[in-house]
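Undergrad:
Protein chains: 2
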Amino acid sequence: MSDELVSFYKALADANRLKIVGLLAGRAYSVEELAALLKLKPSTVSHHLAKLTQVGLVSARTESYYNVYRLEEKALEEKTRHLLSREDFTTAIEDVDLDTYDRKVITDYSRKDGSLKTIPAQRKKLEAVLRHVVKAFEPGKRYSEKQVNKILSGFHEDTASLRRELVGYGLMKREGGGGDYWRVES
Amino acid sequence: MSDELVSFYKALADANRLKIVGLLAGRAYSVEELAALLKLKPSTVSHHLAKLTQVGLVSARTESYYNVYRLEEKALEEKTRHLLSREDFTTAIEDVDLDTYDRKVITDYSRKDGSLKTIPAQRKKLEAVLRHVVKAFEPGKRYSEKQVNKILSGFHEDTASLRRELVGYGLMKREGGGGDYWRVES
DNA sequence: AATCTAATTCGATAATTATCGAATTAGATT
DNA sequence: AATCTAATTCGATAATTATCGAATTAGATT
Chain A
173 MSDELVSFYK
183 ALADANRLKI
193 VGLLAGRAYS
203 VEELAALLKL
213 KPSTVSHHLA
223 KLTQVGLVSA
233 RTESYYNVYR
243 LEEKALEEKT
253 RHLLSREDFT
263 TAIEDVDLDT
273 YDRKVITDYS
283 RKDGSLKTIP
293 AQRKKLEAVL
303 RHVVKAFEPG
313 KRYSEKQVNK
323 ILSGFHEDTA
333 SLRRELVGYG
343 LMKREGGGGD
353 YWRVES
Chain B
173 MSDELVSFYK
183 ALADANRLKI
193 VGLLAGRAYS
203 VEELAALLKL
213 KPSTVSHHLA
223 KLTQVGLVSA
233 RTESYYNVYR
243 LEEKALEEKT
253 RHLLSREDFT
263 TAIEDVDLDT
273 YDRKVITDYS
283 RKDGSLKTIP
293 AQRKKLEAVL
303 RHVVKAFEPG
313 KRYSEKQVNK
323 ILSGFHEDTA
333 SLRRELVGYG
343 LMKREGGGGD
353 YWRVES
């Protein structure tokens with residue numbers, strides 16, 4: 173997931189850290205100076221600066237006793253362009269979006285009790301529904317045709333069609349002529 | 173203070189809220205759908221959507237039973253331009269920056285013990301230092317010239333110059349010819 | 001080498017907030 | 001009118017994090 177993106181926004185999601193960035197936009201400051209300006213203890217300011225450093229917004233240069241922090245203009249420039257762009261947001265859903273389409277189709281075709289209103293005619297929609305239906309079978313387990321029909325009847329009365337399509341799309345397999353069915357691992 | 177700015181960043185400083193925005197960038201979703209996709213309870217998603225609505229990033233439209241949320245493209249566009257701009261950051265320091273210049277000058281001219289390295293020659297810097305020095309006097313209290321010199325000697329050996337400038341810039345006043353001194357309220 | 005000074009790290013605490021379940025609300029649908 | 005459904009609100013709890021003081025560290029300065 174875009175952990176980096178979340179960290180970036182979190183770094184700016186604090187009034188005092190925004191003030192630090194605002195101050196550093198004017199000139200560089202030491203930790204002590206910032207603490208005085210913000211009415212915070214140096215240890216607290218250190219904590220904030222660490223978060224800002226982590227996302228590359230500021231950097232430190234040691235100068236005699238002092239640690240002088242300055243704004244990283246380039247990083248800021250770059251982020252400004254990137255940020256809030258569609259790209260960034262789509263990376264945020266990398267681990268979610270996978271079966272969005274399936275879900276949409278399934279909810280469209282399902283009643284509250286989980287049964288199907290109809291069996292979709294369009295190939296893409298049919299596939300989505302079949303991927304959903306096949307989850308009712310345990311992987312590895314073998315089922316007789318009677319058992320298969322029993323389970324499928326929970327989805328639609330036309331169990332024969334469902335069974336045929338499941339096999340046709342390779343989601344279930346059948347042993348020889350009249351043998352058992354089992355769910356194919358995806 | 174730019175409370176609005178903080179709220180905006182806070183609204184995006186959460187992985188699940190970023191995912192919601194990412195999803196809504198694709199199409200509109202109901203609360204239930206989002207809850208299913210994010211594996212959260214509807215009440216939690218409601219909470220997140222409330223935060224996003226507050227900053228104007230999303231909006232809801234009621235549709236039969238459902239509350240369908242969509243991304244506010246215009247708001248997003250506008251924010252993209254504004255955000256991370258210098259303007260925004262300077263608003264963040266509205267309530268801080270007031271005496272930044274004074275502080276800078278004072279630290280530049282002060283030793284650790286609080287005494288002055290030199291008395292500034294430039295008018296702006298001198299004013300800043302004098303505003304600092306005058307704080308050593310209690311408002312309302314009256315001081316003899318001897319007492320004044322005693323206090324000023326903590327800043328610089330040339331107490332006469334300091335005394336003269338303080339009066340000259342109107343920060344302290346003197347009663348008649350050889351009377352007492354007092355600090356002028358600002 | 002010994003000392004000073006600012007910064008950082010660490011541990012503890014207070015404040016904030018994400019999450020959930022239960023209760024309530026608002027809007028269709030029957 | 002009664003019922004149903006999804007959404008919201010409310011209260012409680014767990015998780016996160018801002019803040020501080022004390023201890024430690026790192027780098028000059030004496």
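Chains as they are written, first to last, in the working numbering: chain A, 173 to 358; chain B, 173 to 358. Each residue gets a CB set at the ideal place from its N, CA and C atoms; glycine is no exception.
#1: Where does Val277(A) fall in DSSP's three states?
#2: Comparing C-alpha positions only, which one of Val277(B), Val227(B), Arg335(B), Val203(B) sits nearest to Thr216(B)?
#3: Under 8 Å between the Cβ atoms of Tyr238(B) and Val230(B)?
#4: Using the C-alpha atoms, what's the distance from Leu248(B) back to Ser287(B)?
#5: Taking C-beta pairs closer than 7 Å, name the residues in chain B that Gly194(A) reaches, listed in chain order.
#6: Assuming contact is defined by CB atoms lying nearer than 8 Å, are Val306(A) and Leu338(A) in contact in what I supplied?
#7: Nearest chain A C-beta to Thr252(B) closer than 8 Å, yes or no?
#8: Going by C-alpha to C-alpha distance, which of Gln294(A), Leu255(A), Ala208(A) sits closest to Glu176(A)?
#9: Between Lys289(B) and chain A, is any beta-carbon pair separated by less than 8 Å?
#10: Looking at the secondary structure, which residues open and close the beta strand (DSSP E) in which Glu235(B) lies?
#11: For a cutoff of 8 Å on Cβ pairs, would you count Arg242(A) as touching chain B?
#12: Within 8 Å of any Cβ in chain B, is that where the Cβ of Tyr281(A) sits?
#13: Find the residues of chain B that neighbour Tyr181(A), judging by a C-beta separation of less than 7 Å, and give them in chain order.
#14: Given a threshold of 16 other Cβ atoms within 10 Å of its Cβ, counted over all protein chains shown, does Gly350(A) qualify as buried or as exposed?
#15: Give me the Cα-Cα distance between Ser282(B) and Lys246(A), rounded to the nearest whole angstrom.
#16: Please state if the CB of Leu206(A) and the CB of Leu224(A) are separated by a distance shorter than 8 Å.
#17: So that I know if they touch, is there some Cβ in chain B lying closer than 8 Å to that of Ala247(A)?
#18: In the DSSP assignment, find the unbroken beta strand (DSSP E) run with Val240(A) in it and report its ends.
#19: Within 8 Å of any Cβ in chain B, is that where the Cβ of Lys307(A) sits?
#20: I need the straight-line Cα distance from Thr331(A) to Val178(B), nearest angstrom please.
#21: Kindly indicate which residue of Val227(B), Asp267(B), Ala200(B), Arg335(B) has the alpha-carbon position closest to the one of Ser316(B).
#22: For Lys359(B), would you say it is in contact with chain A, using Cβ-to-Cβ distances shorter than 8 Å as the test?
#23: Compare the C-beta of Ala207(A) with all C-beta atoms of chain B and state if any pair is closer than 8 Å.
#24: Compare the beta carbon distance of Ala185(B) and Arg258(A) with 8 Å and say whether it is the shorter of the two.
#25: Taking only three categories from DSSP, how would you classify Tyr315(A)?
#26: Using the C-alpha atoms, what's the distance from Ala187(A) back to Ala308(A)?
#27: Mind checking Asp260(A): buried by the 16 CB within 10 Å criterion, or exposed?
#28: Which ranges would you report for the alpha helix (DSSP H) in the segment 183–232 of chain B if only whole runs of at least 4 residues count?
#29: At 8 Å on the CB atoms, spell out the chain B contacts of Ala197(A), in chain order.
#30: Buried or exposed for Lys182(B), going by 16 or more other Cβ atoms inside 10 Å?
#31: In the DSSP output, which residue or residues are listed as bridge partners for Lys345(B)?
#32: Taking DSSP as the reference, what is the three-state secondary structure of Leu288(B)?
#33: Kindly indicate which residue of Ala208(B), Thr252(B), Gly342(B), Tyr201(B) has the alpha-carbon position closest to the one of Thr234(B).
TA: Let's see:
#1: Annotated three-state conformation of Val277(A) is helix, per DSSP.
#2: Residue Val203(B) is the option with its Cα nearest to Thr216(B).
#3: Cβ distance not < 8 Å, so Tyr238(B) and Val230(B) don't count as in contact.
#4: Note on geometry: alpha-carbon atoms of Ser287(B) and Leu248(B) lie some 53 Å from one another.
#5: Residues of chain B whose Cβ lies closer than 7 Å to the Cβ of Gly194(A) are, in chain order, Phe261, Thr262, Ala264, Ile265.
#6: For Val306(A) and Leu338(A), yes; Cβs fall inside 8 Å.
#7: Answer yes: the Cβ-Cβ gap between Thr252(B) and chain A drops below 8 Å somewhere.
#8: For Glu176(A), the nearest C-alpha among the options comes from Leu255(A).
#9: Answer no: the Cβ-Cβ gap between Lys289(B) and chain A never drops below 8 Å.
#10: It spans 230–235 - the beta strand (DSSP E) in which Glu235(B) sits, taken as one unbroken run.
#11: Arg242(A) does not count as touching chain B.
#12: Not one beta carbon of chain B lies nearer than 8 Å to the beta carbon of Tyr281(A).
#13: Those are Tyr181, Leu184, Ala185, listed as they occur along chain B.
#14: With fewer than 16 other CB atoms across the displayed protein chains lying within 10 angstroms of its CB, Gly350(A) is exposed.
#15: So the alpha carbons of these two residues sit roughly 34 Å apart.
#16: Going by C-beta atoms, Leu224(A) is not nearer than 8 Å to Leu206(A).
#17: For Ala247(A), the closest Cβ of chain B is not nearer than 8 Å.
#18: DSSP places Val240(A) in the uninterrupted beta strand (DSSP E) bounded by 238–243.
#19: Answer no: the Cβ-Cβ gap between Lys307(A) and chain B never drops below 8 Å.
#20: Distance between the alpha carbons of Thr331(A) and Val178(B): 56 Å.
#21: For the residues Val227(B), Asp267(B), Ala200(B), Arg335(B), the minimum Cα distance to Ser316(B) belongs to Arg335(B).
#22: Outside the modelled stretch of chain B, which goes from 173 to 358, sits residue 359(B), for which no answer is possible.
#23: It does not: the Cβ of Ala207(A) has no partner Cβ on chain B nearer than 8 Å.
#24: Against a cut-off of 8 Å, the Cβ pair of Arg258(A) and Ala185(B) comes out as no contact.
#25: DSSP places Tyr315(A) in the strand class (E or B) of the three-state scheme.
#26: Roughly 50 Å between the two C-alpha positions.
#27: Asp260(A) is buried by the Cβ-count criterion.
#28: Runs of the alpha helix (DSSP H) inside the segment 183–232 of chain B: 187–198, 203–210, 214–226.
#29: Residues of chain B with a Cβ closer than 8 Å to the Cβ of Ala197(A) are, in chain order, Arg258, Phe261, Thr262.
#30: Buried is the call here.
#31: Looking at the DSSP output, Lys345(B) bridges to Trp354(B).
#32: Leu288(B) falls in the strand class under three-state DSSP.
#33: Closest by C-alpha distance to Thr234(B), out of Ala208(B), Thr252(B), Gly342(B), Tyr201(B), is Tyr201(B).
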